[in-house]
Ligand code: HEM
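Residue numbers (my numbering): 1221 to 1628.
Structural data, given as structure tokens:
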């Protein structure tokens, strides 16, 4: 994602009056002033359910929770062939299983689900907790830390590298390549970063195919693909493992940033969490509703005469900013408020439909363990004077640098 494409200011003639906006989905209007989630909520509150923007080569944006859910859940009408905007960048994505539609998508998902299911993730609990404790104890006595550099950027990557059997020392490189595939303006193009992943993973894939280890990657490559009666090919294994690495790394890192900033600013919220004792899952679910952060897209398969008030043409792109679903006030009253008493509050932080995140159990576990171990050791903390909360543009919403202080 080295550069954003120039934009053509003239919308197609079928875009109805009142549905045209000028929005770069990687930097929505007023984001610098309001922050990532409030800027998206502001755009949603002032716009119809579906709008057209000429930016990023021109595309629709589903802004209401229902429109967003309808796009994600309907693979008959909306294809995942291209999921990254602008289309010229997304065309080359080609990773597995994100860019494959059902029914071909299913065998890969059965494999992923089998290795990321709740029982498997429960088995990782101890290792995840050990990693969290080790990191926090490394700086707790200092009375402050750069949370982004010393915790968020390390913790999920360490958990993940252990799962796929890569050494921890590779975390910075992997994080860098992942960022180049999810953010505009980086020093490597999307294609070059993907190639770097393939080059790094190829020897690992070959080794594990020949002699499977105990790790998740080995297990997936050794398994028969359900319904196909064969193992994954080398090419499929490279595309799938690259996708899992990117998906598991950038999301948790940045999500933790949003949550910890909110907690640093709100002592009452910290007190509520501490009072919950060991069971932080309802709180974690509410944080996912409030802080969704993945902005992806679908390609319209066939003309649709009326989709939430607009006509869509085959081949057009429609953006699905997953963060807006949980922020829709018609579905979640007072959506910006964090309320741990909400039950089954609808949101799409993990997507929905056939591509819904297979890593969500792991992500929830990582966040819950972080909060438990953090609050146990650092019950009260505030934002550091040198925190830089400016938003970083990209497919995954992010804050530039979260620093924190607490009584040493
Ligand atoms: C904060 C944490 C996370 C968030 C917010 C998140 C969000 C999402 C979303 C919105 C999708 C749907 C993409 C689509 O519809 O095209 C997705 C898919 C995916 N996620 Fe996650 N994710 C997170 C963590 C993880 C983790 C920890 C892993 C891996 C262990 C993971 C692996 C994947 C994979 C492989 C897919 C593709 C699934 C498919 O196409 O069928 N994610 N994620």
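We put the beta carbon where it would ideally sit given N, CA and C, even for glycine.
Residue 1436: member of the alpha helix (DSSP H) spanning 1436 to 1442, first to last residue. Residues 1595, 1599 of the same chain have their beta carbon placed closer than 8 Å to that of residue 1494, with the five preceding and five following residues left out of the count. Shown here, residue 1320 sits in coil according to DSSP, grouped into three states, outside any helix or strand. Exposure of residue 1576 is indicated by the presence of fewer than 16 other C-beta atoms within 10 angstroms of its C-beta. For residue 1501, the shortest C-beta to heavy atom distance toward the ligand HEM is 7 Å or greater. CA-CA distance, residue 1440 to residue 1414, rounds to 21 Å. Here the region 1310 to 1327 does not lie against the region 1423 to 1439, with fewer than 3 beta-carbon pairs under 8 Å apart. Per the Cβ contact rule, the region 1540 to 1554 is in contact with the region 1506 to 1518 (3 or more Cβ pairs under 8 Å).
Under a 10 Å Cβ-count criterion, residue 1471 is classified as buried, with 16 or more other Cβ atoms of the shown protein chains found around its own Cβ. Residue 1606 and residue 1624 have their C-alpha atoms roughly 9 Å apart. Around the C-beta of residue 1398, 16 or more other C-beta atoms lie within 10 Å, and the residue is accordingly described as buried. Assignment of alpha helix (DSSP H) within the region 1377 to 1410, counting only whole runs of 4 or more residues, yields 1391 to 1402 in chain order. Look at residue 1537 here: in three-state DSSP terms it is strand. Counting of Cβ neighbours within 10 angstroms places residue 1265 among the exposed residues, the total staying below 16.
It is roughly 14 Å from the alpha-carbon of residue 1422 to the alpha-carbon of residue 1452. For the pair residue 1361 and residue 1628, the CB atoms are nearer than the 8 Å cut-off.
Here residue 1477 has 1367, 1368, 1372, 1618, 1619, 1622 as same chain residues with Cβ atoms under 8 Å from its own Cβ, once five neighbours each way along the sequence are excluded.
The beta-carbon distance between residue 1507 and residue 1384, rounded to whole angstroms, is 26 Å. This is too long to meet the 8 Å contact definition.
When the Cα atoms are used, residue 1312 and residue 1395 turn out to be separated by approximately 20 Å. Considering only 1402, 1553, 1563, 1339, the residue with the shortest C-alpha distance to residue 1466 is 1402.
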